[in-house]
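Numbering (the working numbering), first residue to last: 363 to 450. We put the CB at the ideal spot given by N, CA and C, even for glycine. Every value quoted in this text rests on a predicted model; they were computed, and no experiment measured them. What follows is a set of notes on a single structure, which appears directly below.
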(Lines of atoms letter the chains of each structure in order from A and count residues from 1; the text may use other names and numbers.)
(Lines give C-alpha, C1' and ligand atoms only; values in the text may rest on other atoms or scores of the structure.)
Protein backbone atom coordinates (compact mmCIF):
# COMPACT_ATOMS: atom_id res chain seq x y z
CA UNK A 1 0.00 0.00 0.00
CA UNK A 2 1.42 3.39 -1.02
CA UNK A 3 0.41 5.02 2.26
CA UNK A 4 2.48 2.51 4.24
CA UNK A 5 5.47 2.98 1.94
CA UNK A 6 5.37 6.77 2.34
CA UNK A 7 4.88 6.60 6.11
CA UNK A 8 7.85 4.23 6.49
CA UNK A 9 10.02 6.36 4.19
CA UNK A 10 9.30 9.50 6.24
CA UNK A 11 10.17 7.64 9.44
CA UNK A 12 13.37 6.32 7.87
CA UNK A 13 14.50 9.74 6.65
CA UNK A 14 13.69 11.24 10.03
CA UNK A 15 16.07 8.81 11.76
CA UNK A 16 18.86 11.00 10.38
CA UNK A 17 17.09 14.35 10.75
CA UNK A 18 15.72 13.78 14.24
CA UNK A 19 13.01 16.37 13.56
CA UNK A 20 10.49 16.32 16.42
CA UNK A 21 7.73 17.45 14.04
CA UNK A 22 8.19 14.24 12.02
CA UNK A 23 8.30 11.77 14.91
CA UNK A 24 4.60 10.97 14.62
CA UNK A 25 3.59 10.52 10.98
CA UNK A 26 0.02 11.05 9.79
CA UNK A 27 -1.56 12.22 6.55
CA UNK A 28 -1.55 15.76 7.96
CA UNK A 29 2.19 15.73 8.70
CA UNK A 30 3.78 18.72 6.96
CA UNK A 31 6.81 17.87 4.82
CA UNK A 32 7.61 20.86 2.62
CA UNK A 33 8.89 23.21 5.31
CA UNK A 34 10.40 20.48 7.49
CA UNK A 35 12.66 18.71 5.01
CA UNK A 36 15.75 20.22 3.42
CA UNK A 37 16.66 19.40 -0.18
CA UNK A 38 18.86 16.43 0.78
CA UNK A 39 16.12 14.96 2.98
CA UNK A 40 13.60 15.33 0.13
CA UNK A 41 16.02 13.54 -2.19
CA UNK A 42 16.49 10.76 0.38
CA UNK A 43 12.71 10.50 0.76
CA UNK A 44 12.21 10.25 -3.00
CA UNK A 45 14.85 7.55 -3.36
CA UNK A 46 13.43 5.58 -0.43
CA UNK A 47 9.89 5.74 -1.84
CA UNK A 48 10.90 4.92 -5.42
CA UNK A 49 12.96 1.93 -4.24
CA UNK A 50 10.18 0.59 -2.03
CA UNK A 51 7.58 0.96 -4.78
CA UNK A 52 9.84 -0.86 -7.22
CA UNK A 53 10.25 -3.75 -4.77
CA UNK A 54 6.55 -3.85 -3.81
CA UNK A 55 4.99 -3.34 -7.25
CA UNK A 56 7.76 -4.58 -9.54
CA UNK A 57 7.95 -1.37 -11.52
CA UNK A 58 9.61 2.03 -11.37
CA UNK A 59 7.47 5.06 -10.54
CA UNK A 60 9.12 8.48 -10.83
CA UNK A 61 8.17 10.49 -7.76
CA UNK A 62 10.09 13.66 -8.64
CA UNK A 63 8.83 15.98 -11.36
CA UNK A 64 8.79 19.69 -12.19
CA UNK A 65 6.17 20.48 -9.51
CA UNK A 66 8.31 19.05 -6.74
CA UNK A 67 9.75 22.31 -5.44
CA UNK A 68 6.88 24.65 -6.40
CA UNK A 69 5.51 25.83 -3.04
CA UNK A 70 1.96 25.98 -4.42
CA UNK A 71 1.82 22.83 -6.57
CA UNK A 72 4.22 20.56 -4.70
CA UNK A 73 2.99 17.11 -3.75
CA UNK A 74 5.37 17.36 -0.79
CA UNK A 75 3.15 19.73 1.23
CA UNK A 76 1.97 16.94 3.53
CA UNK A 77 2.27 13.19 3.76
CA UNK A 78 -1.33 12.96 2.52
CA UNK A 79 -0.73 15.05 -0.61
CA UNK A 80 2.34 12.97 -1.39
CA UNK A 81 0.39 9.72 -1.00
CA UNK A 82 -2.37 11.01 -3.33
CA UNK A 83 0.20 12.15 -5.89
CA UNK A 84 1.94 8.77 -5.95
CA UNK A 85 -1.32 6.81 -6.00
CA UNK A 86 -2.21 8.76 -9.15
CA UNK A 87 0.95 7.42 -10.79
CA UNK A 88 0.61 3.76 -9.80
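Residue i - partner residues in DSSP beta bridges
| i | result |
| --- | --- |
| residue 438 | 392 |
Where residue i falls, given that 16 or more other Cβ within 10 Å makes a residue buried
| i | result |
| --- | --- |
| residue 408 | buried |
| residue 423 | buried |
| residue 367 | buried |
| residue 415 | exposed |
| residue 372 | buried |
Residue closest to residue i, alpha-carbon to alpha-carbon, out of the options
| i | options | result |
| --- | --- | --- |
| residue 387 | 412, 396, 369, 414 | 369 |
| residue 425 | 396, 395, 445 | 445 |
| residue 365 | 420, 419, 413, 385 | 413 |
| residue 437 | 449, 394, 443 | 394 |
| residue 442 | 380, 390, 418 | 390 |
Residue span of the alpha helix (DSSP H) that contains residue i, given as start and end
| i | result |
| --- | --- |
| residue 404 | 399–417 |
Three CB pairs or more closer than 8 Å across the region 363–377 and the region 401–413: yes
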